[in-house]
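Protein chains in written order, with this note's numbering: chain A, 1 to 180; chain B, 1 to 391.
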C-alpha cells in the first residue's frame with residue numbers, strides 16, 4: 001500500500017488485518033519503518049492467509065498494490081515486484097489518468113477517492129475510501145467485516161468512514177486485462 | 001474467555017502486563033520506546049490497570065525506580081530498546097545482583113552509530129553478562145505468553161532474578177497480527193500475588209546490595225551464578241504449567257524438521273519464522289536440513305543444545321549482531337565453546353546478517369544454508385561470513 005505520511009495508509013492496513021483476523025483467518029500488517037514525515041511517500045504492507053503466516057520480511061512481490069495518492073504514480077515505481085496479472089487499486093480521477101503502462105499490464109481498479117472522501121467525510125483523507133475500492137476489486141474480505149474495526153478505530157466518525165468505503169465500493173471502476 | 005484479536009504486538013504486551021496485574025511501571029516514555037508504554041499509560045489512566053505509572057528522566061532512572069519498587073515487593077515492569085538498554089546497563093547488574101524480580105521487555109534493536117532505529121540483536125549482546133534470565137521469542141503470541149510466564153519465573157522464591165523478554169524490534173514490535181489474549185481470572189490464577197521474601201519496609205529495615213569486600217565478593221558472584229543456572233528448573237516448571245493451563249508449550253531449545261537431519265540451521269528470534277518457511281522449501285527440493293531455535297538465552301541451555309546436535313554433521317549459525325574485531329557472531333562463539341569438547345562434534349559455520357533491520361528472505365536463508373554447506377565441505381578457516389554485504 002503506497003501513500004503519503006498522514007493519509008492513513010498504516011491505519012487502513014491495520015483495519016484490514018483486524019477484519020481478517022476477526023474472521024478467524026490470519027493476517028499481518030506493518031508499516032515500512034523509517035523517519036516518516038507528513039506528505040512523504042510511505043508504504044504499509046498486508047499479508048492475508050488461511051494458514052499461520054511464517055515470514056518476517058517486507059512484501060516485495062505483492063498480488064495487489066493500493067495507491068492512495070495519484071501523485072505517487074509518477075514518482076514511485078508502484079508496480080515494482082507486482083505479480084503477473086496483479087491488481088493495482090488507484091485513487092485517480094479516471095482510468096485515463098492512470099499511466100497506460102499500468103493499464104496494459106495489470107488489472108486496474110479506479111476510484112476518485114478524493115471526491116468521495118471530501119463529500120462524505122468532509123476531509124481529503126482517503127484511506128477508508130480506498131478500502132472500498134480494494135474490497136470491490138479483490139474480494140479479499142467483505143465490507144461488513146470492516147464495520148467493527150472501523151467502529152473501534154474511529155468512534156463517532158465510524159459511520160462516515162464506513163459510508164465513504166461503501167460508496168467507493170459501489171463506484172469503483174474495474175478494468176480486466178484484455179488477454180487474461 | 002480467551003479472545004483472538006488482531007493487535008499490534010507492542011499493544012498486546014501492554015495488555016499482558018495488565019493481565020499480570022503489575023503494581024509499578026517505571027519508564028522513560030520517549031525514543032527509543034515502543035507503543036508498550038504508551039498503551040500502558042492509557043490502561044493506567046483509564047483505570048483498567050491499577051498501577052503506579054512512574055515517568056522518569058532516563059532509562060537509567062527507569063531501572064533505578066524499578067529497583068526500589070521491586071525491593072519493596074511490588075510487581076514491577078518496564079520496557080526499553082537499543083540506546084535505552086545501553087543507558088540502563090549499570091543498573092541491570094544491580095537488579096540481578098540484588099536478586100530483584102523485575103520483568104522487562106526489550107525490543108531488540110541496533111545501537112548507534114551510525115544512527116539506526118531498526119532491529120537486530122546488537123543491544124541484547126551488550127547485556128549478555130548482566131545476570132538476567134533472557135528469553136527470545138518468534139512471534140507476538142510468544143512474547144505475550146512469556147511476559148506472563150516471566151513474572152511467575154522471576155518472583156519464584158527459588159529464583160528471585162530479573163527477566164528480559166526479548167522481541168525483535170519492528171519485525172515484531174510494530175506488526176499487527178493475531179493474538180490470543182487470555183481471560184484475566186485465568187492469568188491471575190496462574191500468577192500468584194508477588195510475595196517477595198524480604199521487602200523494604202520502614203518498620204523492618206534491611207540492607208540490600210551491600211558493600212562486598214574481597215573476602216565475600218567471589219562468593220556473592222558464585223551464589224548469583226548458581227541461582228541463574230538453577231533457575232532453569234523453575235523456568236521449565238513454569239513453561240509446563242503454562243502449557244497445562246493455556247495449551248502452548250515452550251522449551252529452552254526448539255526444533256523444526258530437525259529429526260535425523262545432518263545439517264541444522266540455528267536461529268534466534270523472529271527470523272526463525274522465515275527460516276522455517278525456507279526449510280519447508282529446501283526440504284521439498286530434497287535438501288537434508290532442519291532448524292534449531294534458541295529460546296532461552298540465559299541461563300544458556302548447554303544440555304538441551306548438545307542433545308539436539310547429536311549425529312549432526314554441520315551446524316550453520318545465524319547471528320543478528322557482530323562482535324566487532326572478535327569471532328564474528330556472539331551466539332556462534334558461545335555455541336562453538338559449548339560444543340568444543342563434544343566428540344564427535346559438528347562442523348560449525350558462522351553467519352552474521354540481518355543487521356540494522358535488513359530483512360533475510362526465504363531465498364536469503366536458502367543461500368545461507370547452501371553456502372554454509374559448501375563452506376563446511378571445503379573447511380574454510382574464516383571465523384565468520386557476513387551475509388549479503390556490499391563491499
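We put the CB at the ideal spot given by N, CA and C, even for glycine.
- Assigned with DSSP and collapsed to three states, residue 4/B falls in strand.
- For residue 37/A, the nearest beta carbon of chain B is not closer than 8 Å to its own beta carbon.
- Scanning 22/A, 5/A, 1/A, 2/A for the CA closest to the CA of residue 144/A turns up 22/A.
- Selection 379/B, 357/B, 377/B evaluated against residue 388/B yields 357/B as nearest (Cα-Cα).
- Close partners of residue 274/B in chain A (Cβ separation under 9 Å): 54, 55, 56, 57.
- Chain-ordered, the chain B residues with CB closer than 7 Å to the CB of residue 31/A read 174.
- For the set 95/B, 3/B, 236/B, the Cα lying nearest the Cα of residue 296/B is the one of 236/B.
- Within 10 angstroms of the beta-carbon of residue 121/B lie 16 or more other beta-carbons, which makes it buried.
- Residue 327/B and residue 317/B have their C-alpha atoms some 13 Å from each other.
- Listed in chain order, the non-local C-beta contacts of residue 249/B below 6 Å within the same chain comprise 243, local neighbours out to five positions each way being set aside.
- From the beta-carbon of residue 171/B, the residues of chain A found nearer than 7 Å are 56.
- Going by DSSP, residue 290/B is part of the beta strand (DSSP E) stretching over 289-294.
- Residues of the same chain with a CB within less than 7 Å of the CB of residue 38/A, apart from the 5 flanking positions on each side, are 5, 6 in chain order.
- Across the structure, residue 36/B and residue 191/B are spaced so that their CA atoms are roughly 21 Å apart.
- Taking residue 199/B as reference, the option from 57/B, 216/B, 74/B with the minimal CA-CA separation is 74/B.
- Residue-level contact by beta carbon holds for residue 14/A and chain B, with a gap shorter than 8 Å.
- A distance of 8 Å or more separates the beta carbons of residue 65/A and residue 72/A.
- At a cut-off of 8 Å, the C-beta of residue 271/B has a neighbouring C-beta in chain A.
- Sequence-ordered contacts of the segment 354-366 of chain B with chain A read 357, 359, 360, 361, 362, 364 [C-beta pairs closer than 9 Å].
- Among the residues of chain B, none has a CB under 9 Å from the CB of residue 43/A; the nearest is roughly 13 Å distant.
- Residue pairing by DSSP places residue 351/B opposite 318/B, 385/B in a beta bridge.
- DSSP, reduced to helix, strand and coil, places residue 157/B outside both helices and strands of the structure shown, so it counts as coil.
- Using a Cβ-Cβ cut-off of 8 Å, residue 135/A does not count as an interface residue toward chain B, since no Cβ of chain B sits closer than that to its own.
- Between residue 291/B and residue 268/B, the C-beta spacing is not below 8 Å.
- Around the Cβ of residue 82/B, a 10 Å sphere holds 16 or more other Cβ atoms; the residue is buried.
- Non-local C-beta neighbours of residue 304/B in its own chain, meaning closer than 6 Å and more than five positions away in sequence, comprise 252, 253, ordered along the chain.
- Within the same chain, and ignoring the five residues on either side of residue 158/B in sequence, the residues whose Cβ sits closer than 6 Å to its Cβ are 234.
- Taking a cut-off of 8 Å for Cβ pairs, the segment 202-216 of chain B and the segment 164-180 of chain B do not touch, as fewer than three such pairs fall below it.
- Note on residue 341/B: under 16 other CB atoms within 10 angstroms of its CB, so exposed under the neighbour-count rule.
- Residue 21/A reaches chain B at 4, 5, 6, 7, 176, 177, 178, 179, counting residues in chain order whose Cβ is nearer than 9 Å.
- About 16 Å separates the Cβ atoms of residue 339/B and residue 372/B, ruling out a contact at the 8 Å cut-off.
- Our two residues, residue 44/A and residue 80/A, have alpha carbons roughly 15 Å apart in a direct line.
- Taking 8 Å as the upper bound for CB-CB distance, residue 123/B and residue 109/B are in contact here, some 6 Å apart.
- Of the other Cβ atoms in all chains shown, 16 or more fall within 10 Å of the Cβ of residue 167/A; this residue is therefore buried.
- Here residue 165/A carries a helix assignment [DSSP, helix/strand/coil].
- Contact annotation, residue 16/A with residue 131/A: C-beta distance approximately 7 Å; criterion of less than 8 Å satisfied.
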